[in-house]
Amino acid sequence: MTSKALQSFLDENIADLKERGLYNEIDPVEGANGPVITINGKKLINLSSNNYLGLATDDRLKKVAKEVVDTHGVGAGAVRTINGTLDLHLELEKKLAEFKGTEAVISYQSGFNCNMAAISAVMDKHDAILSDELNHASIIDGCRLSKARIIRFNHSDMDDLRQKAKEAVESGNYNKIMVITDGVFSMDGDVADLPGIVKVAEEFDLITYVDDAHGSGVLGKGAGTVKHFGLQDKIDFQMGTLSKAIGVIGGYVAGKENLIDWLKVRSRPFLFSTAVTPADAAAATKAIELLMESTALNEKLWENGDYLKAGLKKLGFDIGDSETPITPCIIGEEKAAQEFSKKLIEAGVYAKSIVFPTVPRGTGRVRNMPTAAHTKAMLDDALAIYEKTGKEMGLI
Ligand code: PMP
């Protein structure tokens, strides 16, 4: 028998979300998530993936993944601490440590999971966490799970951070204090002020944690936001994901040997959940090797990002203040942003709207993620569709 309370909870809340234009429909992709995708049998220029370097469909990664299915099978077979640590997981971690320039790395099943795991393994109810107000949901959930006091500071506002760090220290209420930030904020494409954060952290002895999900493969010629600022020795946790620029799946923390050792004995998703598959680990390792060998894909990504940005700006769209290839088209009202996205999709560009609660109310947008795999012709076609649709809707 189904619970009546559950049914009425679901009916009311789903109807309410639909009414307010906050209900996200899911469009399944038929086949690969490359620069052109097929949805409902229709080919669309894809400007909504995080596949920044095009590696999710790269032949070199596919080849390695196929090979290890033959040598290692399709699953890791057990959690890491029993006997599910395969040679391929260790190779991945070793390569990532080299890539990030740190002593060691621990990998997890996803970026989301990694934040939940790593924050709560180090922070507890006697601690405080200073968290940028626009941090990703997985950081927020990781902070909540830790039971530490969460103190939000205004987005990238170093005066506010300093003031709140000072108050937290002077209160004498906390054993440890962490400052945590996204490296690149994915909704606006802006970059965290890591030099400013490090300065405050040094003054107040704060633990530093950077979630570089959108910076790795993108900034610092691919090595990430921390490298971009030359702060490798100053950041305790360099967190990253293998699902975006790296093109596969998984998350990781790069840091000092003793930190990684601690996470291996204390972080629960490492202890109690099976690791990524052999094919995932091998493909991700291959991706890191490619990024260490050449910056060509990274350069192409920036070239395409700059091209799309210039084109949209010239058409008269508000593209915000992105400092990375992420290019939002800020529309404002949620329903208008969703309507614009719908029309773009009908016309041949898959550019998804992002609305509250992912971004603040009244800043609904269509977000564009150009990648290294797009050709100039694809971007020109997308711009032509933006122009036509934007004019039809009176947005430009
Ligand atoms: N952190 C940030 C900043 C992200 O944008 C995301 C993905 N949306 C994650 C963590 C989670 O990464 P994953 O998709 O690998 O779980």
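According to this note's numbering, the residues represented by the sequence shown are 10 to 405, in order. Glycine included, every Cβ here is placed at the ideal spot set by N, Cα and C.
Item	Value
Span of the beta strand (DSSP E), counted from its first residue to its last, around S140	A137 to D141
Contact test: S225 Cβ vs ligand 1 heavy atom, cutoff 8 Å	no
Any non-hydrogen atom of ligand 1 within 8 Å of I138 CB	no
P204 (DSSP reduced to helix, strand or coil)	helix
Burial state of F194 (16 or more Cβ within 10 Å)	buried
Rounded distance between the beta-carbons of H145 and Y183, thought under 8 Å	Contact flag wrong, Cβ pair sits at about 23 Å.
Cβ pair count under 8 Å reaching 3, the stretch 280 to 291 against the stretch 219 to 236	no
Alpha carbon of R69 to alpha carbon of E401, nearest angstrom	43 Å
Cβ-Cβ separation, F246 to V207 (assumed contact under 8 Å), whole Å	That belief does not hold up - the Cβ atoms of V207 and F246 are roughly 13 Å apart, past 8 Å.
For P369, the three-state DSSP class (helix, strand or coil)	coil
Strand pairing of L53, partner residues [DSSP]	I46
Boundaries (first-last residue) of the alpha helix (DSSP H) holding P294	Contrary to the premise, residue 294 reads as Thr rather than Pro in this sequence. P287 to E302 is the span of the alpha helix (DSSP H), which, as asked, contains T294.
C-beta atoms of Y117 and F279 nearer than 9 Å	yes
Test item: CB-CB of I297 and I340 under 9 Å	no
Touch test, the stretch 343 to 355 against the stretch 373 to 383, Cβ-Cβ under 8 Å, three pairs minimum	yes
Same chain, Cβ closer than 7 Å to A41, five either side skipped, listed in chain order	T66
Local conformation of G40 per DSSP, three classes	coil
Check whether N307 and G226 have beta carbons under 9 Å apart	yes
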